[in-house]
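Just below is one structure, and these are the notes that go with it.
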Amino acid sequence: MSTSAIIIGGGIIGLSSAYYLHKAGRQVTVIDRGDLATNCSSGNAGYICPSHFTPLAAPGIISQGLKWMLDSRSPFYIEPRLSLSLAQWGLAFVRSATQSHVDRSAAPLRDISLLSMACYQEWQNSGEFPFFYRHDGMLELFHTHENARHARHTVEMATQLGLDAEWLTAEQVQNLEPHVTCDTRGGVWFKCDAHVNPAELMKNLAQHLTDNGVQIIKNEEVINFIKQNNKIRQIITTHNSYDADLVVFAAGAWSRELAKGLSIKLPMVAGRGYSFVKPLQDYPFRHPIILSEGRVAITPMEDQVRFGGTMEITSTNAPPRYKRVEGIVQSVRHFFPGIELKTPADADIWYGYRPCSADGLPYIGRLPGLDNAIAATGHAMLGLSLGAATGLLVSQIANEQQPSLNLQPFDPGRFA
Ligand SMILES: Cc1cc2nc3c(=O)[nH]c(=O)nc-3n(C[C@H](O)[C@H](O)[C@H](O)COP(=O)(O)OP(=O)(O)OC[C@H]3O[C@@H](n4cnc5c(N)ncnc54)[C@H](O)[C@@H]3O)c2cc1C
């Protein structure tokens with residue numbers, strides 16, 4: 004069996020894969036075209052969320068998305084552009100957005116989330132590297148009757164799936180958040196959820212890997228491959244070339260282009276989101292919160308609170324549309340009228356690209372037609388949540404072990 008592994012991409016998926024492949028005795032190299040500090044895995048809301056068992060491709064998303072597209076501050080936007088890959092993704096996405104797809108996906112998404120949570124807890128208990136991890140659940144709050152009805156349905160489904168979710172009146176929401184004035188119709192407390200500080204997790208995980216002999220190469224971009232028979236023999240970067248026994252594709256929103264270089268179809272688009280942080284003492288939230296109507300996430304993390312949201316299907320080269328952050332700010336003020344929040348200066352706003360697969364499920368498994376390449380990407384809104392489990396599954400696939408769960412729903416060849 005080969006003993007070395009090259010991982011393309013040092014986001015949470017790449018680093019988690021590095022963690023488990025290294026544990027399994029491989030000599031691991033991670034190559035990233037950036038510095039690891041600014042990728043999508045560092046500035047997200049930090050939710051580890053079994054409550055998110057509904058894939059992005061779900062009924063209603065298309066009509067809601069079309070309405071939102073007319074508003075420059077709305078949580079959802081598709082940049083109109085002539086792009087074959089966008090058109091192919093869009094077609095596959097529309098085809099996937101059915102109730103039967105949602106029903107089929109709920110248990111696999113729950114299972115991989117719970118596996119991931121167990122992995123994060125194991126990391127935490129191992130003491131190998133420190134990171135903030137809290138299991139306070141997540142509050143989902145709403146204003147409209149329609150969202151209240153939707154939330155009731157979600158609680159029923161969560162309960163059927165064995166997840167701990169509790170319906171809350173407006174008064175109960177207020178009691179759980181005593182230090183901010185809440186204006187809601189009610190909410191759901193997903194007690195099954197946990198959260199981390201993603202930037203700290205990423206930094207300390209990378210340090211732990213480096214200290215233990217994993218090589219992390221930064222600011223070097225993979226641009227090509229040399230293939231022989233059914234194997235990738237060499238990885239060509241902007242600076243070097245590397246022999247490859249095993250290659251893991253964990254390049255986030257850029258994985259589609261990389262796979263295309265090998266004539267492999269991995270439909271994916273980039274879903275840009277924005278976030279910013281404020282001191283916890285000025286914004287004293289006690290729980291992670293999702294504001295249903297604005298799709299805004301609020302996460303207290305140690306001494307900070309992160310506000311984040313928006314899903315902008317765009318090219319990774321398009322300049323950021325900071326105006327969309329106004330929508331996040333407005334939503335927060337709407338739900339918490341006592342909170343004085345202003346749109347931050349552009350320089351204080353972070354943005355990242357979610358790797359959005361065409362059906363809202365990740366691609367985890369061997370790449371079609373290649374014996375030594377594994378895809379680990381396409382996690383959309385759930386990359387942090389599913390990160391640790393994805394790393395474990397990558398290592399199990401590489402070592403030809405029985406995977407901890409059925410990987411068929413995540414087959415990277417499902418759109419080939
Ligand atoms: C506002 C916001 C909030 C979010 N909140 C949550 C949340 O609460 N919970 C959750 O689970 N998820 C959340 N997400 C989604 C989550 O952040 C992503 O799913 C996750 O970070 C994807 O991880 P990744 O490792 O696949 O990609 P990335 O973190 O983007 O890492 C990919 C890496 O690959 C590198 N790369 C790309 N191409 C190449 C190449 N050719 N050569 C070398 N390197 C390359 C990039 O530089 C990058 O570092 C959120 C996202 C946003 C935007």
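Throughout the sequence shown, residue numbering follows our numbering, covering 4 to 419 in sequence. From the three backbone atoms N, C-alpha and C, an ideal C-beta is built for every residue, glycine too.
The Cβ atoms of Tyr277 and Arg327 lie closer than 8 Å to each other. With respect to the 8 Å criterion, Glu315 and Glu82 are classified as neighbours on the basis of their beta carbons. The three-state secondary structure of Ser119, taken from DSSP, is helix. If you draw a 10 Å sphere on the C-beta of Glu143, you find 16 or more other C-beta atoms in it, and that means buried. For Asn215, the closest C-alpha among the options Met120, Gln30 and Pro406 is that of Gln30. Beyond the five residues adjoining it in sequence on each side, Leu166 comes within less than 8 Å, by CB distance, of Pro53, Ser54, Phe56, Arg113, Phe193 and Cys195 in the same chain, given in chain order.
The three-state reading of DSSP puts Ala383 in helix, counting H, G and I together. In the structure shown, Phe418 adopts coil according to DSSP, grouped into three states. Assigned with DSSP and collapsed to three states, Phe145 falls in strand. When secondary structure is reduced to three states using DSSP, Ile352 falls in the coil class, being assigned neither helix nor strand. Contact between the segment 300–310 and the segment 86–93 is absent: fewer than 3 CB-CB pairs across the two stretches fall below 8 Å. With contacts defined as CB atoms closer than 8 Å, Phe338 and Asp139 fail to qualify as a contacting pair. By the 16-neighbour rule on beta-carbons within 10 angstroms, Ala348 is exposed. Unbroken beta strand (DSSP E) stretches of 3 residues or longer found wholly inside the segment 218–246: 218–220, 225–231, 234–240 and 244–246, given in chain order. When rounded, the separation of the alpha-carbon atoms in Ala376 and His211 is 25 Å. Considering only Asn232, Val217 and Thr240, the residue with the shortest C-alpha distance to Glu224 is Thr240. The shortest C-alpha to C-alpha distance from Ala254 to any of Tyr136, Val299 and Ala378 is the one to Ala378. In the DSSP annotation of this structure, the continuous segment of the beta strand (DSSP E) that includes Phe252 starts and ends at Leu249 to Phe252. The three-state reading of DSSP puts Pro287 in coil, since its state is none of H, G, I, E or B.
Under the DSSP assignment, Ala90 falls in the alpha helix (DSSP H) whose first and last residues are Leu87 to Ser99.
Within the same chain, Cβ atoms closer than 6 Å to the Cβ of Leu249 are found at Ser5, Ala8, Asn375 and Ala401, the five residues on either side in sequence being excluded.
Annotation for Pro365: Gly381, His382 and Phe413 place their beta carbon closer than 6 Å to its own, counting only its chain and skipping 5 residues before and after.
Taking a C-beta distance under 8 Å as the contact criterion, Pro58 and Val105 qualify as a contact pair. By the Cβ-count criterion, His290 is buried, with 16 or more other Cβ atoms from all chains shown falling within 10 Å of its own Cβ. DSSP lists Val191 as the beta-bridge partner residues of Trp170. Apart from sequence neighbours up to five positions away, the residues of its chain that approach Phe135 with a beta-carbon distance below 7 Å are Val199, Asn200, Glu203, Met304 and Glu305, ordered along the chain.
Relative to the non-hydrogen atoms of ligand 1, the Cβ of Thr213 never comes closer than 7 Å to any of them.
By the criterion of at least three beta-carbon pairs nearer than 8 Å, the segment 162–176 is not in contact with the segment 14–31. The alpha carbon of Lys268 has as its nearest neighbour, out of Ser103, Pro371 and Ala121, the alpha carbon of Pro371. Note that the C-beta distance between Leu294 and Ser334 is below 8 Å. Secondary structure note for Arg29: it is in no alpha helix (DSSP H), with a DSSP letter that is neither H nor E. Residue pairing by DSSP places Pro83 in no beta bridge whatsoever. In the structure shown, the three-state DSSP call for Ser318 is coil. Taking Ala27 as the centre and dropping the five residues before and after it, the same chain places the C-beta of Ser398 and Asn402 closer than 7 Å to its C-beta, in chain order.
Per DSSP, Lys281 is one residue of the beta strand (DSSP E) stretching across Met271 to Pro282. Close CB contacts of Arg137 within its chain, under the 7 Å cut and outside five residues either way in sequence, are with Ala197 and His198 (chain order).
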